[in-house]
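In our numbering, the protein residues as written are 34 to 121.
Below, the structure written as structure tokens:
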């Protein structure tokens, strides 16, 4: 899966600074579009970086989200690394 690293960083940072109960549909708000954000969430899920909510894909390749989405402990660590890294 080819993931936009800038979008991945943005999603992880938003989740890091989110309410402790996680993010709902607002996690999809991005100029790149909901489908792009959902694909990043699926990538993060595959890497074990998000919990509680989950992302599924149907046969047509459409994403479905079970919300809210929260970071795992590993996700928090990764988000903190990216949040402190600055522009690349």
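Where is the CB? At the ideal position from N, CA and C, for every residue including glycine. Note that the structure is predicted; figures quoted are calculated from it, not measured.
Does the beta-carbon of residue 72 have 16 or more other beta-carbons within 10 angstroms, so that it is buried, or is it exposed? Along the chain shown, read from residue 1 onward, the residue named residue 72 stands at position 39. The residue is buried, with at least 16 neighbouring Cβ atoms inside 10 Å.
Leaving aside the five residues before and after residue 77 along the sequence, list all residues of the same chain whose C-beta is less than 6 Å from its C-beta, in chain order. Position 44 of the chain shown, counted from the start, is the residue given in the question as residue 77. Result list for residue 77: 83, in chain order.
Can you find the residues in the same chain that come closer than 7 Å, C-beta to C-beta, to residue 116, ignoring five residues on each side of it along the sequence? Within the chain shown, the letter at position 83 stands for residue 116. 46, 49, listed in sequence order.
How many whole angstroms separate the CB atoms of residue 40 and residue 102, which I take to be in contact at a CB cut-off of 8 Å? Stepping through the chain shown from its first residue, residue 40 is reached at position 7. Stepping through the chain shown from its first residue, residue 102 is reached at position 69. Contact flag wrong, Cβ pair sits at about 15 Å.
Between residue 98 and residue 88, which are expected to be in contact by the criterion C-beta below 8 Å, what is the C-beta distance as a whole number of angstroms? Position 65 of the chain shown, counted from the first residue, corresponds to residue 98. Position 55 of the chain shown, counted from the first residue, corresponds to residue 88. Their Cβ separation, rounded to whole angstroms, is 6 Å, which keeps residue 98 and residue 88 in contact under 8 Å.
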